[in-house]
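Structure first, then comments.
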Amino acid sequence: MTSSSNENIHQKIRNEFPYDVKKLTEVSIPIDKNIKLAATIWMPQNKNVQLINEEKFATILEYIQYRKADWTSARDEIRLKYFSGFGYVSLRVDIRGTGNSLGIFDDEYSEQELSDGLKILEWIQNQTWSNGKVIQI
Numbered sequence: 001m002t003s004s005s006n007e008n009i010h011q012k013i014r015n016e017f018p019y020d021v022k023k024l025t026e027v028s029i030p031i032d033k034n035i036k037l038a039a040t041i042w043m044p045q046n047k048n049v050q051l052i053n054e055e056k057f058a059t060i061l062e063y064i065q066y067r068k069a070d071w072t073s074a075r076d077e078i079r080l081k082y083f084s085g086f087g088y089v090s091l092r093v094d095i096r097g098t099g100n101s102l103g104i105f106d107d108e109y110s111e112q113e114l115s116d117g118l119k120i121l122e123w124i125q126n127q128t129w130s131n132g133k134v135i136q137i
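Be aware that the sequence shown starts at 1, since it is given in full-length UniProt numbering, and climbs by one per residue.
Shown next as structure tokens:
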């Protein structure tokens, strides 16, 4: 590969985005009286300081049993940070009883997991930054 080929590759990698991104790693989502789910949020930050508290964003939700901070997190952070750079709140949540979330994991796709998922959606919709739209990946 020639030097000019290397330059062309680097020109195609995007490193500027419409939004700055702030990562919040110690987020707790209350589910039941004694249960909180652990989450990480990549929050778009408007570069115009006057609009920071006024702007509402759609959310991309990743609700996983593979733990938000395990070996997949480095790979997934690239993608979730990319989405946030374009104005989406990226939210990665550990399923109950997995990773840093409290409770007992009962089974994959259980009624409990589905019920908790609905409570996460309600939590998202009640956040000041949410426009109420959610995409799950």
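Positions of the beta carbon are idealized from the N, C-alpha and C atoms, including for glycine.
- Annotation: residue 29 to residue 93 spans about 9 Å, alpha carbon to alpha carbon.
- In the DSSP assignment, residue 55 falls outside any beta strand (DSSP E), carrying neither H nor E.
- For residue 36 against residue 102, the beta-carbon gap comes to about 6 Å, under 8 Å, which counts as contact.
- For the 8 Å CB-CB criterion, residue 88 and residue 18 do not form a contact.
- With a 10 Å radius around the Cβ and a threshold of 16 neighbouring Cβ atoms, residue 42 comes out buried.
- In this structure, the beta-carbon distance from residue 124 to residue 59 falls below 8 Å.
- Under the 10 Å beta carbon count, residue 62 is surrounded by 16 or more other beta carbons and is classified as buried.
- Residue range 35-45 is occupied by the beta strand (DSSP E) that includes residue 42.
- With fewer than 16 neighbouring CB atoms inside 10 Å of its own CB, residue 118 falls in the exposed class.
- Out of 135, 95, 127, the CA that lies nearest to the CA of residue 116 is found in 95.
- Per the C-alpha coordinates, the member of 20, 65, 23, 26 positioned closest to residue 114 is 65.
- For residue 16, the secondary structure class from DSSP, reduced to helix, strand or coil, is coil.
- Collapsing the DSSP output to three states places residue 117 in a helix.
- Bridge partners of residue 137 according to DSSP: none are assigned.
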